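Chains as they are written, first to last, in our numbering: chain D, 327 to 561; chain Z, 10 to 282.
Glycine included, every Cβ here is placed at the ideal spot set by N, Cα and C.
Remember, predicted model here, so these are calculated numbers, not experimental data.
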């Protein structure tokens with residue numbers, strides 16, 4: 327498709343909120359329910375879908391950039407439909423495929439290759455079934471297991487296995503990237519929590535705050551009758 | 010199970026709180042209208058989150074009425090209702106019914122048996138509207154009980170089953186947002202399950218009932234911190250997916266819950282220990 331930003335009529339530097347606003351106004355305009363009496367309603371529906379796809383593509387891309395995650399995390403539906411090749415690890419898997427080809431491949435090697443293919447095509451359960459049958463668990467096994475587990479939502483195991491792969495091969499940049507990716511969510515989330523000062527403060531109940539505010543008001547105004555009113559005056 | 014999807018009231022603007030509360034009142038009203046007093050007593054704030062989320066996403070027509078409050082008889086409250094209130098009321102009942110059944114089967118608490126029986130007639134009505142949802146909740150809870158009996162220690166597996174339940178509940182319809190809503194529900198469900206285990210670990214050790222954190226609680230000196238890390242992983246996945254939805258309406262309320270409110274019980278429990 328063409329530039330998704332131009333479909334929504336926004337610039338590439340637009341904020342998330344601007345993108346959402348643009349999406350909302352366009353989707354409201356082209357929504358099937360809003361175009362029942364429109365003679366061009368098929369066109370409207372086509373535009374609606376285009377706007378939808380453009381929005382989802384942009385949000386997917388932005389997630390990839392900010393958190394370093396490709397779209398191969400937990401896949402609830404199994405049929406996302408192509409969003410284009412954003413998965414950087416696909417390139418790496420391609421390398422492995424070439425490296426493994428050879429007449430002396432063991433059964434385990436074949437299983438590992440098949441597991442990697444399953445992961446590429448987002449068939450994570452099949453990948454895990456294969457991996458569980460492999461006895462020799464080297465760093466790459468843990469790497470694939472991390473990816474497959476991440477795909478079915480086992481993010482705890484995914485992180486543990488990614489860390490294990492890295493521990494077994496500390497100089498492996500690809501494994502380091504995966505560990506970083508799995509941990510980046512947590513760092514991003516903690517930054518999102520910054521505006522909320524009282525999340526982890528103990529004794530920050532509403533009553534306490536109100537009492538403290540009242541006391542402070544009494545000290546400031548002296549009248550104790552109001553907050554934000556004229557000091558010393560009556561409401 | 011209930012009570013973790015809450016707001017951090019101290020960090021919320023007055024007007025946002027009023028809006029949030031009006032959806033809660035709307036849910037209460039709908040529960041009473043559809044399922045009587047027995048339905049009303051299942052009211053929780055958790056499903057209010059779902060209403061606000063779906064309202065923010067779909068921006069449906071919403072009715073506002075003033076109602077008398079059964080819990081505060083001298084007060085009149087503003088109640089907001091829309092089609093998602095209806096959905097949330099049904100879901101609330103489903104979850105409450107199975108929670109009661111579960112408690113009865115696990116702990117043989119007589120009161121729970123009675124509550125389940127009282128809700129049963131309404132379940133039969135809901136069965137016709139949402140058979141798939143009921144089956145998903147029932148099957149997953151049964152699987153959870155089975156694995157608890159086997160003392161399963163894989164927390165991704167256990168939390169994931171509860172995640173499946175919430176995922177099914179959040180996917181209120183088949184459309185372009187279904188995958189996102191499922192993912193949000195899934196990781197929120199995992200968070201709730203782990204938070205529940207975290208809070209109940211001492212009680213479960215004393216009673217000898219199942220809890221995947223028993224060993225960690227007793228042996229890990231950094232239990233609170235490590236648990237927080239786990240819980241953060243869940244909320245991170247949930248929230249990241251949430252931010253991809255084109256929600257503008259009520260977004261401050263939703264963010265308050267996702268980034269702050271869900272931690273209220275964690276903070277309380279941890280400081281108590």
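Alpha carbon to alpha carbon, what distance is there between residue j and residue i?
i: residue 44 of chain Z; j: residue 210 of chain Z; result: 34 Å
i: residue 265 of chain Z; j: residue 15 of chain Z; result: 9 Å
i: residue 267 of chain Z; j: residue 344 of chain D; result: 22 Å
i: residue 445 of chain D; j: residue 436 of chain D; result: 14 Å
i: residue 181 of chain Z; j: residue 69 of chain Z; result: 14 Å
i: residue 347 of chain D; j: residue 377 of chain D; result: 12 Å
i: residue 514 of chain D; j: residue 41 of chain Z; result: 41 Å
i: residue 489 of chain D; j: residue 73 of chain Z; result: 52 Å
i: residue 58 of chain Z; j: residue 94 of chain Z; result: 11 Å
i: residue 479 of chain D; j: residue 365 of chain D; result: 45 Å
i: residue 217 of chain Z; j: residue 504 of chain D; result: 39 Å
i: residue 156 of chain Z; j: residue 88 of chain Z; result: 41 Å
i: residue 251 of chain Z; j: residue 228 of chain Z; result: 35 Å
i: residue 379 of chain D; j: residue 388 of chain D; result: 14 Å
i: residue 508 of chain D; j: residue 191 of chain Z; result: 20 Å
i: residue 275 of chain Z; j: residue 204 of chain Z; result: 7 Å
i: residue 32 of chain Z; j: residue 10 of chain Z; result: 21 Å
i: residue 9 of chain Z; j: residue 177 of chain Z; result: The displayed coordinates of chain Z run from 10 to 282. Any statement about residue 9 of chain Z would go beyond what the structure contains.
So residue i is in the beta strand (DSSP E); what residue range does that whole segment cover?
i: residue 38 of chain Z; result: Where residue 38 of chain Z is concerned, there is no enclosing beta strand (DSSP E), although the alpha helix (DSSP H) it sits in stretches over 23-49.
i: residue 88 of chain Z; result: 85-90
i: residue 76 of chain Z; result: 72-77
Mark residue i as exposed unless 16 or more other C-beta atoms lie within 10 angstroms of its C-beta, in which case mark it buried.
i: residue 521 of chain D; result: exposed
i: residue 86 of chain Z; result: buried
i: residue 27 of chain Z; result: exposed
i: residue 332 of chain D; result: exposed
i: residue 81 of chain Z; result: exposed
i: residue 20 of chain Z; result: buried
i: residue 311 of chain Z; result: The requested residue 311 of chain Z is not part of the displayed model; chain Z covers only 10 to 282.
i: residue 468 of chain D; result: buried
i: residue 55 of chain Z; result: buried
i: residue 358 of chain D; result: exposed
i: residue 451 of chain D; result: exposed
i: residue 65 of chain Z; result: buried
i: residue 337 of chain D; result: exposed
i: residue 60 of chain Z; result: buried
i: residue 477 of chain D; result: buried
i: residue 372 of chain D; result: exposed
i: residue 487 of chain D; result: buried
Could you name the residues of the same chain whose beta carbon sits closer than 7 Å to that of residue i, not counting the 5 residues immediately before and after it, in chain order?
i: residue 37 of chain Z; result: 49 and 52
i: residue 83 of chain Z; result: none
i: residue 221 of chain Z; result: 162, 164, 167 and 206
i: residue 253 of chain Z; result: 189
i: residue 17 of chain Z; result: 265, 269, 270 and 273
Leaving out five residues on either side along the sequence, give the residues of the same chain with a beta carbon under 6 Å from the beta carbon of residue i.
i: residue 247 of chain Z; result: 193, 196 and 197
i: residue 12 of chain Z; result: none
i: residue 556 of chain D; result: Legend: pLDDT at residue 556 of chain D = 45, less than 50; position of this residue unreliable, no value from coordinates given.
i: residue 406 of chain D; result: Residue confidence is low: residue 406 of chain D scores 31 on pLDDT, short of 50, so the model does not pin down where it sits. No coordinate-derived value is stated.
i: residue 25 of chain Z; result: 261 and 262
For residue i, which residues from the same chain have a beta carbon less than 8 Å from its beta carbon, with the 5 sequence-adjacent residues on both sides left out?
i: residue 232 of chain Z; result: 222, 225 and 226
i: residue 462 of chain D; result: 434
i: residue 107 of chain Z; result: 146, 147 and 150
Could you tell me if the beta carbon of residue i falls within a distance shorter than 7 Å of some heavy atom in the ligand GTP?
i: residue 470 of chain D; result: The ligand GTP is not part of the structure shown, which contains no ligands of any sort.
First and last residue of the alpha helix (DSSP H) that includes residue i?
i: residue 458 of chain D; result: 450-458
i: residue 208 of chain Z; result: 187-216
i: residue 482 of chain D; result: 481-494
i: residue 57 of chain Z; result: 55-67
i: residue 247 of chain Z; result: 232-252
i: residue 271 of chain Z; result: Counting along the chain, residue 271 of chain Z falls outside any alpha helix (DSSP H), and DSSP gives it neither H nor E.
i: residue 468 of chain D; result: 465-477
i: residue 20 of chain Z; result: Note, residue 20 of chain Z: premise wrong, no alpha helix (DSSP H); not H, not E.
i: residue 176 of chain Z; result: 164-179
i: residue 333 of chain D; result: 330-334
Next item on the list: Report yes or no: do three or more beta-carbon pairs, one from the segment 230-245 of chain Z and one from the segment 177-191 of chain Z, lie closer than 8 Å?
Entry: no
Check: Any contact of the segment 351-371 of chain D with the segment 150-168 of chain Z, i.e. 3+ C-beta pairs under 8 Å?
Finding: no
Item checked: Three CB pairs or more closer than 8 Å across the segment 133-153 of chain Z and the segment 97-115 of chain Z -> yes
Notebook entry, point to check: Counting Cβ pairs closer than 8 Å, one from the segment 110-130 of chain Z and one from the segment 75-82 of chain Z, do we hit at least three?
Noted result: no
Check: Can at least three beta-carbon pairs, one atom from the segment 125-138 of chain Z and one from the segment 172-181 of chain Z, be found at a separation below 8 Å?
Finding: no
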